[in-house]
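Start counting the sequence shown at 1; every next residue gets the next number (full-length UniProt numbering).
Glycine included, each C-beta is placed from N, C-alpha and C at the ideal position.
Beneath this line is the structure, given in structure tokens, with notes to follow.
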Amino acid sequence: MLRRRSLRLEAVRVEWFETDCPQPSEAHRAAAEARQNVLTKPPGSLGVLEALAIKLAALQATDRPRAARAPIVLFAGDHGVTAQGVSAYPADVTVQMLHNFAAGGAAIAVLARELGVKLHVVDAGTLSEHDVPGVTTDKPRRGTRDFSHEAAMTTDELSFALKAGRRAVERARAGGADIVILGEMGIGNTTSAAAIAASLLGVRAGDVVGAGTGLDAAGVNRKAEVIEAALATHGLRAADVPAAQVLKCVGGLEIAALAGAMIAAAQGRIPVLVDGFIVSVAALGAVRLNPSCAPWLIYSHRSLERGHRVVLDALAAEPLLDLKLRLGEGSGAAAALPLLRLACALHSEMATFADAHISGPES
Ligand SMILES: Cc1cc2ncn([C@H]3O[C@H](COP(=O)(O)O)[C@@H](O)[C@H]3O)c2cc1C
Ligand SMILES: O=C(O)c1cccnc1
């Protein structure tokens with residue numbers, strides 16, 4: 001009796017990430033649809049560009065959707081599971097890449113410059129937050145524990161990482177954000193992401209595991225075995241394991257921070273441009289933690305990483321691009337930003353049939 005009572009008490013405690021996100025504005029969606037139908041083109045002829053403008057208008061609750069200010073927030077984290085030889089690269093590459101982000105030589109740094117957007121790098125290992133340039137690696141770093149032996153994180157670490165995601169979004173938002181682009185860096189994180197996906201979707205590790213940075217077929221098989229064994233060890237094969245438990249046992253600090261960032265962005269009415277496999281798995285986690293954040297997530301591309309298709313299908317996501325990318329860092333999401341900008345410009349600047357004195361369709 002006592003036990004049941006305490007369970008009931010626990011159930012009423014609502015965490016910040018469970019608070020409902022606002023829903024898109026149906027009035028602005030309808031107005032945007034109506035406008036698209038009177039612009040000087042056959043209705044529907046701009047396809048996904050029309051759908052994007054309409055979606056952004058509803059999310060931003062405006063007649064003039066924008067994607068001009070699109071800060072990139074990139075979360076980095078280390079993974080204890082790299083001890084199992086699950087990546088083609090050594091774990092040190094994560095911190096080395098932090099310097100590369102700061103120096104401006106990483107792919108995402110180049111893309112950010114070209115797009116004229118700010119790159120914020122959040123080191124989930126030190127939980128230091130800074131704008132590039134200026135990465136500091138003076139604080140002691142911590143990564144997750146090797147989840148083939150023990151839970152990747154403690155409950156406190158998970159809640160800290162989720163909050164780090166929220167804080168990063170708040171900071172990015174203070175500099176102005178029509179939309180936020182999310183990326184990640186963490187050697188070993190395709191293993192963590194595949195483990196999360198296999199548990200949350202109830203599929204075999206073999207269905208969501210891929211080459212990551214470039215494992216050969218034997219390496220991919222071994223990675224799947226490490227994941228299957230870990231899911232059994234942590235009891236993550238049972239039905240309805242809470243998403244927070246999955247993240248804690250086999251997640252990554254940067255993956256949890258991404259999930260927290262998505263929910264916080266949605267709660268603050270900021271649409272999110274989701275990157276590849278890892279960020280999409282974080283999106284799956286976010287949607288399981290708080291289903292009301294789903295409408296705020298826009299899927300940028302389909303990565304070559306095996307398993308991304310399964311995750312996108314589970315999210316009913318139709319990604320904008322399929323460029324055979326398999327990098328991460330937010331690169332696919334950054335590559336999709338120009339499409340959003342074009343969609344907004346067309347929506348706002350095209351003439352209507354009436355403005356341009358052009359005849360409408362014959363009835
Ligand atoms: C130089 C370099 C730069 C990267 N930037 C992103 N990733 C990507 O690869 C990693 C995931 O793959 P895995 O699970 O196989 O380690 C992540 O850091 C991801 O962001 C990189 C990987 C490397 C080697
Ligand atoms: O799709 C991704 O995000 C990805 C794929 C492989 C390696 N790193 C990232």
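Heavy atom of ligand 2 within 7 angstroms of residue i beta-carbon
i: Arg173; result: no
i: Ile179; result: no
i: Arg309; result: no
i: Ser303; result: yes
i: Gly105; result: no
i: Ile278; result: yes
Through-space distance from residue j to residue i, alpha-carbon basis
i: Arg204; j: Ala259; result: 23 angstroms
i: Ala30; j: Phe353; result: 19 angstroms
i: Met262; j: Val287; result: 9 angstroms
i: Pro24; j: Gln84; result: 44 angstroms
i: Leu304; j: Asp355; result: 45 angstroms
i: Pro133; j: Pro90; result: Low per-residue confidence applies at Pro133: pLDDT is 43, beneath 50, and the placement is therefore not dependable, though the value from the model is reported in the following sentence. Looking at the two C-alpha atoms, the distance is approximately 24 angstroms.
i: Asn100; j: Tyr299; result: 26 angstroms
i: Ala244; j: Asp322; result: 31 angstroms
i: Phe75; j: Gly360; result: 49 angstroms
CA nearest to the CA of residue i, picked from the options
i: Ala124; options: Ser87, Ala102, Gly165, Asp156; result: Gly165
i: Ala224; options: Gly307, Leu327, Arg269, Ser303; result: Gly307
i: Gly268; options: Gln245, Phe277, Pro295, Ala336; result: Pro295
i: Ala68; options: Glu150, Ala261, Gly116; result: Gly116
i: Val73; options: Gly47, Gly143, Asp146, Ala174; result: Ala174
i: Val220; options: Gly330, Gly176, Val86; result: Val86
i: Ala314; options: Ala264, Ala218, Val208; result: Val208
i: Ala32; options: Glu114, Glu150, Glu15, Thr62; result: Thr62
i: Val279; options: Leu312, Gly360, Ala34; result: Leu312
Near ligand 1: residue i beta-carbon under 7 angstroms from a heavy atom
i: Gly332; result: no
i: Glu329; result: yes
i: Met97; result: yes
i: Ser87; result: yes
i: Met262; result: no
Proximity of residue i and residue j at Cβ, strictly below 8 angstroms
i: Gly77; j: Leu253; result: yes
i: Val250; j: Ser159; result: no
i: Leu56; j: Pro319; result: no
i: Gly328; j: His301; result: no
i: Thr94; j: Met185; result: yes
i: Val310; j: Leu201; result: yes
i: Gly183; j: Asp240; result: no
i: Gly212; j: Ala88; result: yes
i: Ala109; j: Ala257; result: no
i: Leu98; j: Val121; result: yes
i: Leu273; j: Ala283; result: no
i: Ile196; j: Leu247; result: yes
i: Ala317; j: Ile181; result: no
8 angstroms CB neighbourhood of residue i in its chain, flanking five on each side removed
i: Leu49; result: Leu339, Leu342, Ala343, Leu346
i: Glu26; result: Ala58
CB contact check: residue i to chain B, cutoff 8 angstroms
i: Ala244; result: Given the protein chain composition of this structure (a single chain), no chain B is represented.
Spatial neighbours of residue i in its chain, beta-carbon cut-off 6 angstroms, leaving aside the 5 residues before and after
i: Lys324; result: Leu304
i: Arg145; result: Gly80, Ala152
Close Cβ partners of residue i (< 7 angstroms) along its chain, the five nearest in sequence each way excluded
i: Pro65; result: Ala53, Leu56, Ala57, Cys344, His347
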